[in-house]
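Remarks on the structure that follows.
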Amino acid sequence: MVWASGWKLASAVSNAGGLGLIGAGSMYPDVLREHIQKCKAATKKPFGVNVPLLYPDIDKHIQIVIDERVKIVFTSAGNPKTWTPLFKHNGITTVHVVSSSKFALKAQEAGCDAVVAEGFEAGGHNGKEETTTMVLIPAVTKAVTIPVIAAGGIATGRQMLAAMVMGAEGVQMGSRFVASEEASSHINFKQAVVDAAEGDTFLSLKKLVPVRLMKNKFFQQIQEAEERGANEDELRELLGRARAKKGMHEGNLEEGELEIGQVSALLNEILPAGKIVENVWQEFLEGLRHPLKNANFNGE
Ligand SMILES: Cc1cc2nc3c(=O)[nH]c(=O)nc-3n(C[C@H](O)[C@H](O)[C@H](O)COP(=O)(O)O)c2cc1C
Numbered sequence: 000m001v002w003a004s005g006w007k008l009a010s011a012v013s014n015a016g017g018l019g020l021i022g023a024g025s026m027y028p029d030v031l032r033e034h035i036q037k038c039k040a041a042t043k044k045p046f047g048v049n050v051p052l053l054y055p056d057i058d059k060h061i062q063i064v065i066d067e068r069v070k071i072v073f074t075s076a077g078n079p080k081t082w083t084p085l086f087k088h089n090g091i092t093t094v095h096v097v098s099s100s101k102f103a104l105k106a107q108e109a110g111c112d113a114v115v116a117e118g119f120e121a122g123g124h125n126g127k128e129e130t131t132t133m134v135l136i137p138a139v140t141k142a143v144t145i146p147v148i149a150a151g152g153i154a155t156g157r158q159m160l161a162a163m164v165m166g167a168e169g170v171q172m173g174s175r176f177v178a179s180e181e182a183s184s185h186i187n188f189k190q191a192v193v194d195a196a197e198g199d200t201f202l203s204l205k206k207l208v209p210v211r212l213m214k215n216k217f218f219q220q221i222q223e224a225e226e227r228g229a230n231e232d233e234l235r236e237l238l239g240r241a242r243a244k245k246g247m248h249e250g251n252l253e254e255g256e257l258e259i260g261q262v263s264a265l266l267n268e269i270l271p272a273g274k275i276v277e278n279v280w281q282e283f284l285e286g287l288r289h290p291l292k293n294a295n296f297n298g299e
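Have a look at this one:
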C-alpha cells in the first residue's frame with residue numbers, strides 16, 4: 000500500500016505468518032531497493048512487492064525486483080500481459096489485482112499464478128463497476144481456474160472465513176494494516192482510520208482513477224467539481240501532485256488524499272501487525288469451530 004507498507008510492515012506481517020507486501024507505488028526506485036534489502040534482513044519468511052503497473056518508472060522498479068531476487072510480485076493498475084511473461088521467465092510468482100471476472104480471465108490468460116479479486120468496499124484504487132466483494136468472489140472463482148485471493152472489506156477472521164467459504168483461497172487485507180504500529184502512515188491518519196464510522200468513505204474520482212477516500216475537505220472539493228461536470232483535466236489539476244503523500248504520509252487530514260476502505264468502520268485500535276495477524280487467525284479458527292454464531296435449529 001502506498002505510504003503505508005514499507006519494509007517494517009511487510010516484514011512484521013511475514014514474521015507473523017502472513018505474506019507481507021512492500022508497496023512500491025510510493026517509492027522512487029532507489030527507495031524500493033533499500034526497502035527490499037531491509038525486508039530481507041528483517042525476515043527469513045517469504046514476502047512480496049506490490050508493483051502498480053502504471054507507475055512512470057515501472058521498468059526500473061521491475062529491474063530492481065528481478066535483481067534483488069524477489070520471489071513474489073503482486074501487480075495492479077495496468078495490463079498484466081505486458082510484464083507477467085518477464086516475471087515468470089525469472090521464476091517470480093505473479094499475482095494480479097482485478098475488480099471483475101473479465102479482468103481476472105485476462106490475468107489468467109497472461110500467465111498469472113493467482114488473482115486478487117478486490118471488491119467495491121476496498122481502500123485505494125478500485126473498479127468503476129462497484130461490484131462488491133460478496134458478489135465478486137463467487138463470480139471470479141467461477142470464471143477462472145487459478146487461485147483467487149479475496150480483498151475488500153476484510154479485517155477479521157470471520158470475514159476471512161466467509162471469503163473462503165465463497166471460494167477464495169486466501170485474503171488480502173489493506174485498511175486493517177494501515178492502522179498498525181509498523182505502517183509508515185502518519186499517526187493522524189491512523190487515528191482517523193480507527194475513528195472512522197460507517198459512511199465515512201466514498202468511491203471518488205470515478206472519471207479519472209476511481210479511488211475510495213475518507214471524506215474530508217479535499218474529498219468535498221473533488222465531489223463539488225464532479226457535480227458541476229469538471230472534465231478530466233480540471234480534476235487532474237485539483238488532484239495536483241503529492242496529495243496522497245500530504246494526507247497519508249504527512250498527516251494533513253484536510254488537504255490530503257486519504258485512501259481507506261469501508262472496513263475502517265470496524266476498526267477501533269492501532270495494533271502491532273503481528274497481533275493483527277494473530278487475532279485474525281484465532282478468530283478464523285473460532286469461526287471454523289462455530290461457523291454459525293447464533294445457530295438455532297436442529298433443536299439447538
Ligand atoms: C492506503 C492504501 C494504499 C493502497 N495502495 C495500493 C497500491 O499501491 N497497490 C495496490 O495494488 N493496492 C493498493 N491498495 C489496496 C490494498 O492493497 C488492498 O487490496 C485493499 O486495501 C483491500 O481492501 P480493504 O482496504 O478493505 O482491506 C491500497 C489500499 C490502501 C488502504
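Position 69 (the sequence shown) corresponds to 68 in numbering that gives the first Met the number 0; numbering is contiguous. Each residue gets a CB set at the ideal place from its N, CA and C atoms; glycine is no exception.
**OP:** Specify the secondary structure class of H289 as computed by DSSP and reduced to three states.
**Re:** As a position in the sequence shown, residue 289 is number 290, starting the count at 1. Reduced to three states, the DSSP call for H289 is coil.
**OP:** Verify whether the separation of the beta carbon atoms of E181 and A11 is less than 7 Å.
**Re:** Position 182 of the sequence shown, counted from the first residue, corresponds to residue 181. Position 12 of the sequence shown, counted from the first residue, corresponds to residue 11. Result yes, Cβ atoms of E181 and A11 sit closer than 7 Å.
Subject >> Rounded Cβ spacing between A121 and G173 (contact assumed at less than 8 Å) >> reply: Residue 121 sits at position 122 when you count from the first residue of the sequence shown. Residue 173 sits at position 174 when you count from the first residue of the sequence shown. Yes, A121 and G173 are in contact; Cβ-Cβ is about 7 Å, under 8 Å.
Original post:
In this structure, does DSSP put G273 in helix, strand or coil?
Top reply: In the sequence shown, the residue the question calls residue 273 occupies position 274. Three-state DSSP puts G273 in a helix.
Original post:
Any idea if P51 is buried or exposed, counting beta-carbon neighbours within 10 angstroms, 16 or more meaning buried?
Top reply: Mapped onto the sequence shown, residue 51 falls at position 52. So P51 ends up on the buried side.
Subject >> beta strand (DSSP E) segments (min. 3 residues) lying fully within the region 33 to 79 >> reply: 46 to 51, 71 to 75
Subject >> Inter-stretch contact (C-beta, 8 Å, three-pair minimum) for the region 182 to 198 and the region 228 to 237 >> reply: no
**OP:** Give the range of the beta strand (DSSP E) segment to which Q171 is assigned.
**Re:** By one-based count along the sequence shown, residue 171 stands at place 172. Where Q171 is concerned, the enclosing beta strand (DSSP E) stretches over 169 to 171.
Original post:
Is A3 near ligand 1, judged by its Cβ being under 6 Å from some heavy atom?
Top reply: Numbered from 1 along the sequence shown, position 4 holds the residue referred to as residue 3. For ligand 1, at least one heavy atom lies less than 6 Å from the Cβ of A3.
Original post:
Three or more C-beta pairs closer than 8 Å, one from the region 111 to 126 and one from the region 143 to 151: is that the case here?
Top reply: yes
Original post:
Just to confirm, does Q171 get its C-beta within under 6 Å of one of the non-hydrogen atoms of ligand 1?
Top reply: In the sequence shown, the residue the question calls residue 171 occupies position 172. Checking the Cβ of Q171 against ligand 1 gives yes.
Original post:
Can you tell me whether DSSP reads R227 as helix, strand or coil?
Top reply: What you label residue 227 is simply residue 228 of the sequence shown in a count that begins at 1. R227: coil per DSSP, three-state reduction.
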